[in-house]
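Each position in the sequence shown, counted from 1, maps to that position plus 166 in this note's numbering. These notes concern the structure reproduced below.
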Amino acid sequence: LGGDIAVGDQVQVSGVVTDNDDLVQIQSATIEVLSSGNELPSAESLDPSQISDIGWSGVLIAMEGTLAGINIYDEWTLTGALGDGLVTDIGYNAVDDSASIDGTTLPFLEVGRVYRVTAPNYYGFGDWMLAPRDSSDVVRIGCTDSNFPNFDPLATTDDGSCISTPGCTNPDADNFSED
Numbered sequence: 167l168g169g170d171i172a173v174g175d176q177v178q179v180s181g182v183v184t185d186n187d188d189l190v191q192i193q194s195a196t197i198e199v200l201s202s203g204n205e206l207p208s209a210e211s212l213d214p215s216q217i218s219d220i221g222w223s224g225v226l227i228a229m230e231g232t233l234a235g236i237n238i239y240d241e242w243t244l245t246g247a248l249g250d251g252l253v254t255d256i257g258y259n260a261v262d263d264s265a266s267i268d269g270t271t272l273p274f275l276e277v278g279r280v281y282r283v284t285a286p287n288y289y290g291f292g293d294w295m296l297a298p299r300d301s302s303d304v305v306r307i308g309c310t311d312s313n314f315p316n317f318d319p320l321a322t323t324d325d326g327s328c329i330s331t332p333g334c335t336n337p338d339a340d341n342f343s344e345d
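Dropping the structure here:
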């Protein structure tokens with residue numbers, strides 16, 4: 167099914183529409199390519215807490231939040247301003263991804279770091295979650311300037327958080343620093 171379909175194709179899907187646990191399913195589907203080379207739609211930006219709505223089923227969504235934790239199924243939770251959203255490992259498993267920095271292997275996902283995930287919304291195993299297709303769908307956000315002490319070598323998008331922490335400025339303190 168769909169072997170001759172490419173990214174950017176507009177398609178028409180025909181078949182028998184059924185309800186499967188409150189999700190639409192098309193059985194005996196046939197696909198017809200109507201046009202090719204179309205520009206892809208932009209992702210809808212949502213707070214992580216807003217993805218748990220059937221109206222967003224199958225929609226390309228971008229959500230940003232702080233990594234709160236990873237469960238035993240390699241699903242991870244992002245916390246945004248309004249609440250939490252879940253990310254699954256169905257297409258791309260960011261939990262198992264890492265990078266070697268100066269001979270040290272660092273995990274890509276780190277609790278407390280900020281990430282932006284752009285992926286289709288998916289319902290499975292009783293939860294709504296984003297399903298990244300590949301590593302480009304998961305972006306780590308932080309200080310990208312190596313001249314600062316809070317530099318994050320795995321961040322690919324700068325968030326303006328680069329800061330220099332000065333030494334102690336109290337001349338009466340034992341750890342006073344003129345710098």
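Even for Gly, the Cβ is constructed at its ideal location relative to N, Cα and C. This structure is a prediction, so every number in the text was calculated from the model and none was measured.
Spatial neighbours of residue i in its chain, beta-carbon cut-off 7 Å, leaving aside the 5 residues before and after
i      : result
Gln193 : Gly181, Val182 and Thr184
Glu198 : Val177 and Gln178
Val261 : Ile236, Asp240, Trp242, Asp255 and Leu275
Ile217 : Ile227, Met229, Gly251, Asn287, Trp294 and Leu296
Secondary structure of residue i, DSSP reduced to three states
i      : result
Val225 : coil
Pro286 : strand
Ala247 : coil
Ser215 : helix
Ile220 : helix
Ala260 : helix
Asp303 : helix
Leu296 : strand
Leu275 : coil
From the options, residue whose alpha carbon lies closest to that of residue i
i      : options                           : result
Val177 : Ile329, Gly221, Leu200 and Val190 : Leu200
Pro315 : Val304, Cys328, Gly308 and Gly269 : Cys328
Ser302 : Ala172, Ala228 and Pro207         : Ala228
Glu230 : Asn237, Asn259, Thr331 and Ala285 : Ala285
Asn313 : Ser330, Thr322 and Gly278         : Ser330
Ser215 : Asn204, Leu233, Ala247 and Leu226 : Ala247
Identity of the residues DSSP links to residue i by a beta bridge
i      : result
Cys328 : In DSSP, Cys328 forms no bridge with anything.
Ser312 : DSSP output for Ser312 lists no bridge partner at all.
Gly235 : Thr243
Ala265 : Leu272
Close-in-space but distant-in-sequence residues of the same chain around residue i (CB under 6 Å, 5 per side omitted)
i      : result
Asp175 : Val199 and Ser202
Contact test: residue i Cβ vs the ligand FAD heavy atom, cutoff 7 Å
i      : result
Ser208 : Although the ligand FAD was asked about, the structure shown includes no ligands whatsoever.
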